[in-house]
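Residue numbers (UniProt numbering): 1 to 397.
For glycine and all other residues, C-beta sits at the position ideal for the given N, C-alpha and C.
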């Protein structure tokens, strides 16, 4: 399950752990432990690591129980509809497309663009970095495939899976294990040219908002796996998307924390992870992107690690996809620099307003949020507008 090797020539420690025992979050926990232990050792103090979190066994029992909950079962029709999205690529050929035969390509985004993607871009659209990277991934695929306006793109998305809110007595912040979730999404993109994407045209901002709302409308991704694998009373089957996306987050020291005395993740190590798993096991997707932000001496850099099935696509095609993804990300930055961004309907719930109504509010002033009416405001409003009947979507700003 664990192998370690010290490379004296480069002063690097190579750690290889079976995926059954670790996920992306686990590596950050392990790195923290290594640095704590190393600092204590250098100081001549006994090594005393932080307490571990809830056990993986406890978490498994939480999931098994939650899989039967009525609110989880109620999401079945939504996931069935998502799975109806036609695959954008042919499926892998078992016995031919394996981790041993897979094609691999790595590329890195510049520090300036990465910094903006980590901060200003998601903040402008009131979204997470994972949302923005996934939307750009969908835009790249739509352009690559020549998908027409409204043609859905099905993508398998991985998540961290550490949904501690499911049980009050669970703390997974310090637990090492494989908690990853996987769930499909179906994104409808289109209505703008690639030139508009690259230039960061206002139309790109509108598409980003629309796709963000598509993602917000989906159930929690953990419910997909619970219904497909842990609830024997329902059947959620059928082919899954043939393209995959996984953002592993940010690894390494944070800004201002880099030190020659700290152990850091190596970018070369992250990009070579696939090589360590080069075994004759079938690939999960015809094309898969695993991305991670790595803190280096010059700043954070987004690393893109592509893997593909040789029977479906070739290196030139994946190279083009990689370029398109980076172009879409740069276009998002350009859009925000030009003033793009803003609220969407899910940001102001429980107030109910359409995107058009939100845009109309923004056109007459700066809107930080839209709040429901207070009881006093509701009384004044109902007395003033009583002849008009119920006013749906009333709010204050």
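| Are the Cβ atoms of residue 157 and residue 183 separated by less than 8 Å? | Along the chain shown, read from residue 1 onward, the residue named residue 157 stands at position 157. Along the chain shown, read from residue 1 onward, the residue named residue 183 stands at position 183. Yes, Cβ-Cβ distance for residue 157 and residue 183 is below 8 Å.
| message | Here's the rule: buried if 16 or more other CB atoms are within 10 angstroms of the residue's CB, otherwise exposed. What is residue 229? | response | Stepping through the chain shown from its first residue, residue 229 is reached at position 229. Per the 10 Å Cβ criterion, exposed.
| field | Spatial distance of residue 58 from residue 317 (CA atoms) | value | Counting from one through the chain shown, the residue named residue 58 turns up at place 58. Counting from one through the chain shown, the residue named residue 317 turns up at place 317. If you take the alpha carbons of residue 58 and residue 317, they lie about 44 Å apart.
| Burial state of residue 295 (16 or more Cβ within 10 Å) | As a working mapping, residue 295 is identified with position 295 in the chain shown. Label assigned to residue 295: buried.
| said: Quick check: what's the CA-CA separation for residue 286 versus residue 138? | reply: For the purposes of this step, residue 286 is identified with residue 286 of the chain shown, where counting begins at 1. For the purposes of this step, residue 138 is identified with residue 138 of the chain shown, where counting begins at 1. The straight-line gap from Cα to Cα measures roughly 15 Å.
| query | In chain order, which continuous runs of the alpha helix (DSSP H) of length 4 or greater are located wholly inside the region 314-360? | reply | Counting only runs of 4+ residues, the alpha helix (DSSP H) found wholly inside the region 314-360 occupies 315-337, in chain order.
| Based on the DSSP secondary-structure assignment, which residues constitute the bridge partners of residue 1? | Counted from its first residue, the chain shown places residue 1 at position 1. According to DSSP, residue 1 bridges with nothing at all.
| query | Roughly how many angstroms lie between the CA atoms of residue 242 and residue 120, to the nearest whole one? | reply | In the chain shown, counting from the first residue as 1, residue 242 sits at position 242. In the chain shown, counting from the first residue as 1, residue 120 sits at position 120. Roughly 32 Å between the two C-alpha positions.
| Since residue 153 is in the beta strand (DSSP E), which residue starts that stretch and which ends it? | Looking up residue 153 in the chain shown gives position 153. 152-159 is the extent of the beta strand (DSSP E) around residue 153.
| request: Note the first and the last residue of the continuous beta strand (DSSP E) segment covering residue 246. | output: Residue 246 sits at position 246 when you count from the first residue of the chain shown. Start and end: 243-251.
| field | Whole beta strand (DSSP E) elements within the region 63-140, 3-residue minimum | value | 103-108
| task | Please classify residue 9: does DSSP put it in a helix, a strand, or coil? | result | To locate residue 9, count along the chain shown from 1; it is residue 9. Residue state, collapsed to three classes: coil.
| task | Using three-state DSSP, classify residue 162 as helix, strand or coil. | result | In the chain shown, counting from the first residue as 1, residue 162 sits at position 162. Looking at residue 162 - three-state DSSP - the assignment turns out to be coil, as it is neither helix nor strand.
| task | Below 8 Å on the Cβ atoms is my guess for residue 14 versus residue 2; work out the distance and round it to an integer in Å. | result | Here residue 14 corresponds to residue number 14 of the chain shown, with the count starting at 1. Here residue 2 corresponds to residue number 2 of the chain shown, with the count starting at 1. In fact, because the Cβ distance is near 11 Å, the residues do not count as touching under 8 Å.
| Using DSSP with H/G/I as helix, E/B as strand and the rest coil, what is residue 231? | Your numbering for residue 231 matches position 231 in the chain shown. It is coil, neither helix nor strand.
| Are the CB atoms of residue 190 and residue 332 nearer to each other than 8 Å? | Sequence index remark: in the chain shown, residue 190 carries index 190 (1-based). Sequence index remark: in the chain shown, residue 332 carries index 332 (1-based). It is not a contact, given that the beta carbons lie outside the stated cut-off.
| field | Nearest-angstrom Cα separation, counted from residue 329 out to residue 244 | value | Residue 244 sits at position 244 when you count from the first residue of the chain shown. Residue 329 sits at position 329 when you count from the first residue of the chain shown. Whole-angstrom Cα-Cα distance: 18 Å.
| field | Which of helix, strand or coil DSSP assigns to residue 218 | value | On the chain shown, residue 218 is found 218 positions in, with the first residue counted as 1. Of the three classes helix, strand and coil, the one that applies to residue 218 here is coil, per DSSP.
| message | Excluding the 5 residues flanking residue 162 on each side, which residues of the same chain have their C-beta closer than 6 Å to its C-beta? | response | Here residue 162 refers to the residue found at position 162 when the chain shown is read from its first residue. Once the five neighbours on either side are set aside, the close Cβ partners of residue 162 are 172 and 179.
| Euclidean distance between Cα positions of residue 308 and residue 96 | Looking up residue 308 in the chain shown gives position 308. Looking up residue 96 in the chain shown gives position 96. Straight-line Cα distance between these residues: approximately 12 Å.
| message | When you measure from the CB of residue 32 to every non-hydrogen atom of the ligand GDP, does any distance come out below 7 Å? | response | Judged by which ligands are present, the structure shown has none, so any question about the ligand GDP falls away.
| message | Can you list, in chain order, the residues of its chain with a C-beta nearer than 6 Å to that of residue 114? Leave out the 5 residues immediately preceding and following it. | response | Here the question's residue 114 lines up with position 114 in the chain shown. 300, 301 and 302, listed in sequence order.
| field | Residues of its chain near residue 350, where Cβ-Cβ distance is below 7 Å and the 5 sequence neighbours each way are ignored | value | Residue mapping note: residue 350 aligns to position 350 of the chain shown, counting from 1. These residues qualify, in order along the chain: 372.
| query | How about the region 48-57 and the region 120-131: do they share at least three Cβ pairs that are nearer than 8 Å? | reply | With the cut-off at 8 Å, the region 48-57 and the region 120-131 do not touch.
| message | Quick test of your reading: residue 153 and residue 167, contact by CB under 8 Å. State the CB separation rounded to the nearest angstrom. | response | Numbered from its first residue, the chain shown carries residue 153 at position 153. Numbered from its first residue, the chain shown carries residue 167 at position 167. Rounded to the nearest angstrom, the Cβ distance from residue 153 to residue 167 is 35 Å, too far for a contact under 8 Å.
| query | If you count every other CB in all the chains shown that lies within 10 Å of the CB of residue 279, and 16 or more means buried, which is it? | reply | Stepping through the chain shown from its first residue, residue 279 is reached at position 279. Exposed: under 16 other Cβ atoms inside 10 Å.
| query | Taking the continuous beta strand (DSSP E) assigned at residue 52, which residues delimit it? | reply | Translated into the one-based positions of the chain shown, residue 52 becomes position 52. Looking at the DSSP string, residue 52 is not in any beta strand (DSSP E), and its letter there is neither H nor E.
| query | Is the distance from the Cβ of residue 85 to the Cβ of residue 186 below 8 Å? | reply | Working through the chain shown from its first residue, we reach residue 85 at position 85. Working through the chain shown from its first residue, we reach residue 186 at position 186. Yes.
| message | Among the candidates 72, 98, 368 and 4, whose CA atom is the shortest distance from the CA of residue 231? | response | Start at 1 with the first residue of the chain shown, and residue 231 comes out as number 231. For residue 231, the closest alpha carbon among the candidates 72, 98, 368 and 4 is that of 72.
| Taking the continuous alpha helix (DSSP H) assigned at residue 42, which residues delimit it? | For the purposes of this step, residue 42 is taken as the residue at position 42 of the chain shown. Residues 24-42.
| For residue 182: DSSP bridge partner residues | Position 182 of the chain shown, counted from the start, is the residue given in the question as residue 182. 158.
| field | Sequence-distant residues of the same chain with beta carbon closer than 6 Å to residue 311, five excluded per side | value | Here residue 311 corresponds to residue number 311 of the chain shown, with the count starting at 1. 93, 96 and 97, listed in sequence order.
| Looking only at its own chain, which residues have a Cβ that is under 7 Å from the Cβ of residue 88, when we skip the five neighbours before and after it? | Taking the chain shown and counting its residues from 1, one reaches residue 88 at position 88. The residues are 141, 145, 153, 154, 242 and 243.
| task | Please work out which residues of its chain come closer than 6 Å, Cβ to Cβ, to residue 198, disregarding the five sequence neighbours upstream and downstream, and give them in chain order. | result | Here the question's residue 198 lines up with position 198 in the chain shown. Closer than 6 Å at Cβ, skipping near neighbours: 327 and 331.
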